[in-house]
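**Q** Have a look at this one before I ask anything.
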Amino acid sequence: MDMDDHESTEQTPDEVFITAVLFECGLAVLALFLGWVIGPSARQLIPELGLEQWWPIAKGILLGLAAALPILLFIELIRRIPWGPIQELEDLANDGMIKALLQLRPSELIVVSLCAGVGEELLFRGWLMYWIADWAEALIPALPFYWVMGFALALSSLVFGVFHPVTKLYICLATLMGLYFGALVVYTENLLIPIVAHGAYDAAQLISTAREERKK
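Numbering follows this note's numbering, with no gaps: position 209 of the sequence shown is 211.
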């Protein structure tokens, strides 16, 4: 394959945008479908939308935005460590699909990030974590609740990490973020908080990285 053929196979920014949005929305549909067919339903963890229930939604959004700040600070500190695997993460901006993604407008990056927050949190925290908890509780009824949820949190976070097989370090970081997002759900019983935190984190990282790449 020559260079022209290679370039022709790469996705354009518009194609990457559509692919990313459809993929993440597909995860949301899958989570809702699994909850409907075999349970549990992730919908039970999301506040009802309505004029009289505006405060739980507003509170979830505000807490979600605040919850994104520690992750952003943590990743910023990690990026300053002079270590080879971290440099590999920095070099990902030159990857074909990611490079095309970073060419999107900020508004498009926000849409992709929100879709990722909704889709991945519905699937991994809203459905998978509680499905594992139900399975573990049924398997060992005498197991204390905090052991059940701890096991479900750890396993679903590991699956979330493996779902992001970019590099070994990226898998580890994604697993840690899964633990963080899952803990938010267990503690608050409000899935909207990790959805917003996840989306806000992704948007901030993508927009800042895209700006850095344009300056080069």
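No residue lacks a Cβ here, since even glycine has one placed at the ideal position from N, Cα and C.
#1: With burial defined as no fewer than 16 other Cβ atoms inside 10 Å of the residue's Cβ, what is the status of Asp12: buried or exposed?
#2: Answer with buried or exposed for Tyr203, where buried requires no fewer than 16 other C-beta atoms within 10 angstroms of its C-beta.
#3: Going along the chain, which residues of its own chain have a beta-carbon closer than 8 Å to the beta-carbon of Ala206, five neighbours each way excluded?
#4: So what's Ala144 in DSSP terms, helix, strand or just coil?
#5: Quick check: is any heavy atom of the ligand ZN less than 7 Å from the C-beta of Gly184?
#6: What is the rounded straight-line gap between the Cα of Lys217 and the Cα of Glu92?
#7: Looking only at its own chain, which residues have a Cβ that is under 6 Å from the Cβ of Glu110, when we skip the five neighbours before and after it?
#8: Indicate whether Phe126 and Phe76 have their beta-carbon atoms separated by less than 8 Å.
#9: In chain order, what residues of the same chain lie with their CB nearer than 7 Å to the CB of Leu51, ignoring the 5 residues before and after it?
#10: Grouping DSSP H, G and I as helix and E and B as strand, with all else coil, what is Gln13?
#11: Under 7 Å Cβ to Cβ from Ser115, same chain only, skipping five residues before and after it: list those, please.
#12: Look at the alpha carbon of Ile142 and the alpha carbon of Ile197, and state the distance between them as a whole number of angstroms.
#13: Which same chain residues, not among the five before or five after Pro15, have their C-beta less than 6 Å away from its C-beta?
#14: Are Ile195 and Ser158 closer than 8 Å when you measure CB to CB?
#15: Does the beta-carbon of Glu123 have 16 or more other beta-carbons within 10 angstroms, so that it is buried, or is it exposed?
#16: What residue range does the alpha helix (DSSP H) around Lys218 cover?
#17: Whole alpha helix (DSSP H) runs in the region 155–206 with 4 or more residues, listed along the chain?
#18: Can you give me the start and stop residues for the alpha helix (DSSP H) that Glu50 sits inside?
#19: How is Gly128 classed by DSSP in three states: helix, strand or coil?
#20: With three or more beta-carbon pairs closer than 8 Å as the criterion, would you say the region 167–179 touches the region 80–89?
#21: Can you list the alpha helix (DSSP H) stretches of 4 or more residues lying completely in the region 77–116, in chain order?
**A** Quick answer:
#1: Per the sequence shown, residue 12 should be read as Glu rather than Asp. When all chains shown are included, Glu12 counts as exposed.
#2: buried
#3: Ala70, Leu74
#4: coil
#5: Although the ligand ZN was asked about, the structure shown includes no ligands whatsoever.
#6: 15 Å
#7: Phe19
#8: no
#9: Ile59
#10: coil
#11: Gly201, Asp204, Ala205, Leu208
#12: 31 Å
#13: Ala102, Gln105, Leu106
#14: no
#15: buried
#16: Here Lys218 belongs to no alpha helix (DSSP H), and DSSP marks it neither H nor E.
#17: 170–190
#18: From DSSP, Glu50 is part of no alpha helix (DSSP H); its letter is neither H nor E.
#19: helix
#20: yes
#21: 86–92, 98–103
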